[in-house]
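Structure record follows, encoded as structure tokens.
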């Protein structure tokens, strides 16, 4: 306990980094997921092929390999990202690829008859998406996005390996300094557990909001 | 130093990276085996005969699934020696992979078993089938085909999780690539090659899973 109190500022700033990185990369991942998911399911080759390549490359390689690549290789091409930018871009693109598949599958699962109805009412593509498809698809997406968010929270620990002082990094450096692993790692485990539980509770809440006024699916 | 991709350098480091890829494959295969066993144990805690273990089993699974693999690896690596259990990094890594993914595998077992209709359980009961024989001849064969895609997914996810073991000095692919980079100050070739190797390995694994799936479909339909 004394140990945790002694390093409270380190740990608090580590937690703050983890939360911040989760929020930023989740935002980027969500954007990428919607764009790539809709593009891949659009049926237009010009859109679906690049989206497919993006999804397969980022799902097929390891998240850590992607982070290392951004961190070490991009500078050779004259693109110097800060470690934070690397982390957000790396995690955002990687989880965006997983999310894109969720978006694609959920949009494809909207009943055909509703699309026909939207067509019959002469809705534009944008109106059809906004009024008919997305409200339905969002409800289907939420539980899957909830899982993905928890995966993302866990994956943020990888950024400690590209020198970002997040919670995992702080825990490791305190162990290196004090050789007292039990307390620090126990505490770290607990923090991640609480974060995951909070995230899934929050997502359930959003899901309930979205499905208000609809019969349970 | 700033010239683009060099082929001769690539060839030079290739043996080293291949050795790393070998360790990656071994870690994945070993971790997968561990996950199958640990998953079975965790799954057992959800069954009726082990009712007393239900709550601790659920709690363990929740913790394993809600915390980062990296932290679990650290816990095994830094805490086990303090309780007198010193394992090599690779064994620590296998156990960590097995525990982390075991929680997901347990869920896959549960889902596969839930596919079996109630009537069959009733029939087993009515015929007074011995439990073990019932499992071997009735339950298990029906669990196989829903399990294959789920476990295939686990295998591929695990493959992509193995670089985390580099954090505790397991000399797998990412570790070797990093070593090469830090010794020669050339990161383009090793990092790109490593990333491509993961893509290649997961594509191969995916097509294997697909092959097994389609074989099974032919056999069971």
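Residue numbers (the working numbering), protein chains in the order written: chain A, 5 to 221; chain B, 7 to 227.
The C-beta atom is built at its ideal place from N, Cα and C for all residues, glycine as well.
These figures come from a predicted structure and were not determined experimentally.
Beta-carbon proximity list for residue i, same chain, < 8 Å, skipping 5 on both sides
i: residue 5 (chain A); result: 187
i: residue 64 (chain B); result: 51 and 52
i: residue 211 (chain B); result: 158, 161, 162 and 165
i: residue 189 (chain A); result: 175 and 179
i: residue 286 (chain A); result: Summary: the structure shown does not reach residue 286 (chain A), with chain A confined to residues 5 through 221, and so no result is reported for it.
i: residue 8 (chain A); result: 15, 187, 188 and 191
i: residue 168 (chain A); result: 21, 25, 87, 88 and 91
Min CB distance residue i to chain B below 8 Å
i: residue 192 (chain A); result: yes
i: residue 105 (chain A); result: no
i: residue 154 (chain A); result: yes
i: residue 221 (chain A); result: Any reading at residue 221 (chain A) is ruled out, since the residue's pLDDT is 48, under 50, leaving its predicted position unreliable.
i: residue 196 (chain A); result: yes
i: residue 53 (chain A); result: no
i: residue 40 (chain A); result: no
i: residue 140 (chain A); result: no
i: residue 94 (chain A); result: no
i: residue 158 (chain A); result: yes
i: residue 65 (chain A); result: yes
i: residue 61 (chain A); result: yes
i: residue 200 (chain A); result: yes
Integer-rounded CB distance, given that residue j should sit under 8 Å from residue i
i: residue 113 (chain B); j: residue 154 (chain B); result: With a Cβ gap of about 15 Å, residue 113 (chain B) and residue 154 (chain B) do not count as contacting.
i: residue 133 (chain A); j: residue 211 (chain A); result: No, residue 133 (chain A) and residue 211 (chain A) are not in contact; Cβ-Cβ is about 20 Å, not under 8 Å.
i: residue 107 (chain A); j: residue 193 (chain A); result: So it is not a contact: roughly 32 Å between Cβ atoms.
i: residue 73 (chain B); j: residue 158 (chain A); result: 7 Å
i: residue 169 (chain B); j: residue 66 (chain A); result: 5 Å
i: residue 102 (chain A); j: residue 152 (chain A); result: 6 Å
i: residue 33 (chain A); j: residue 96 (chain A); result: 5 Å
i: residue 44 (chain A); j: residue 104 (chain A); result: 6 Å
i: residue 91 (chain B); j: residue 37 (chain B); result: The pair is not a contact, with the Cβ atoms about 19 Å apart (cut-off 8 Å).
i: residue 165 (chain A); j: residue 33 (chain B); result: With 8 Å as the limit, residue 165 (chain A) and residue 33 (chain B) do not qualify as a contact, their Cβ atoms being about 17 Å apart.
i: residue 110 (chain A); j: residue 144 (chain A); result: 4 Å
i: residue 99 (chain A); j: residue 156 (chain A); result: 5 Å
i: residue 77 (chain A); j: residue 198 (chain B); result: 6 Å
i: residue 82 (chain B); j: residue 101 (chain B); result: 6 Å
i: residue 91 (chain A); j: residue 71 (chain A); result: 7 Å
i: residue 66 (chain B); j: residue 195 (chain B); result: Their Cβ separation, rounded to whole angstroms, is 42 Å, which puts residue 66 (chain B) and residue 195 (chain B) out of contact at 8 Å.
Residue-chain proximity (residue i, chain A), Cβ-Cβ < 8 Å
i: residue 160 (chain B); result: no
i: residue 74 (chain B); result: yes
i: residue 187 (chain B); result: yes
i: residue 13 (chain B); result: no
i: residue 80 (chain B); result: yes
i: residue 69 (chain B); result: yes
i: residue 101 (chain B); result: no
i: residue 52 (chain B); result: no
i: residue 98 (chain B); result: no
i: residue 19 (chain B); result: no
i: residue 198 (chain B); result: yes
i: residue 166 (chain B); result: yes
i: residue 177 (chain B); result: no
i: residue 193 (chain B); result: yes
i: residue 84 (chain B); result: yes
i: residue 169 (chain B); result: yes
i: residue 119 (chain B); result: no
i: residue 77 (chain B); result: yes
i: residue 156 (chain B); result: no
Proximal residues to residue i (C-beta, below 7 Å), its chain only, five neighbours per side dropped
i: residue 126 (chain B); result: 144
i: residue 46 (chain A); result: 52
i: residue 64 (chain A); result: none
i: residue 208 (chain B); result: 162, 165 and 166
Residues near residue i in its chain [Cβ-Cβ closer than 6 Å; skip 5 each side]
i: residue 152 (chain B); result: 118 and 121
i: residue 95 (chain B); result: 174, 175 and 176
i: residue 56 (chain B); result: 50
i: residue 234 (chain A); result: This structure leaves residue 234 (chain A) out entirely; chain A is present only between 5 and 221.
i: residue 182 (chain B); result: 22, 23 and 26
Under 7 Å by beta carbon: chain D residues contacting residue i
i: residue 173 (chain B); result: As a matter of chain content, chain D is missing from the structure shown, whose protein chains are A and B.
Looking at chain B, which residues of the segment 19-38 of chain A have a Cβ within less than 9 Å of any of its Cβ atoms?
-> Interface annotation for the segment 19-38 of chain A against chain B: empty, criterion Cβ-Cβ distance under 9 Å.
Residues in the segment 124-153 of chain B with C-beta within 9 Å of chain A's C-beta atoms, listed in sequence order?
-> none
Would you check if there are 3 or more beta carbon pairs closer than 8 Å linking the segment 89-109 of chain B to the segment 34-45 of chain B?
-> yes
Would you check if the segment 177-186 of chain B and the segment 25-42 of chain B touch, i.e. whether three or more CB-CB distances between them fall below 8 Å?
-> Yes, the segment 25-42 of chain B is in contact with the segment 177-186 of chain B.
Give, in chain order, every residue of the segment 68-83 of chain A whose Cβ lies closer than 8 Å to some Cβ of chain B.
-> Of all residues in the segment 68-83 of chain A, 68, 69, 70, 72, 73, 76, 77 and 80 have a Cβ within less than 8 Å of some Cβ in chain B.
Could you name the residues of the segment 200-220 of chain B whose beta carbon sits closer than 7 Å to any beta carbon of chain A, in the order they occur along the chain?
-> 200, 201, 204, 205, 208 and 209
Determine contact between the segment 69-83 of chain B and the segment 130-149 of chain B, defined as no fewer than three beta-carbon pairs at a distance below 8 Å.
-> no
Taking only beta carbons into account, state which residues of the segment 165-182 of chain A come closer than 8 Å to chain B, listed in chain order.
-> 165, 172, 175, 176 and 179
Determine, using beta-carbon pairs with one atom in the segment 7-14 of chain A and one in the segment 148-163 of chain A, whether at least three such pairs fall under 8 Å.
-> no
Taking Cβ-Cβ distances below 7 Å as the criterion, which residues of the segment 34-62 of chain B are in contact with chain A?
-> If the cut-off is 7 Å between Cβ atoms, the segment 34-62 of chain B has nothing near chain A.
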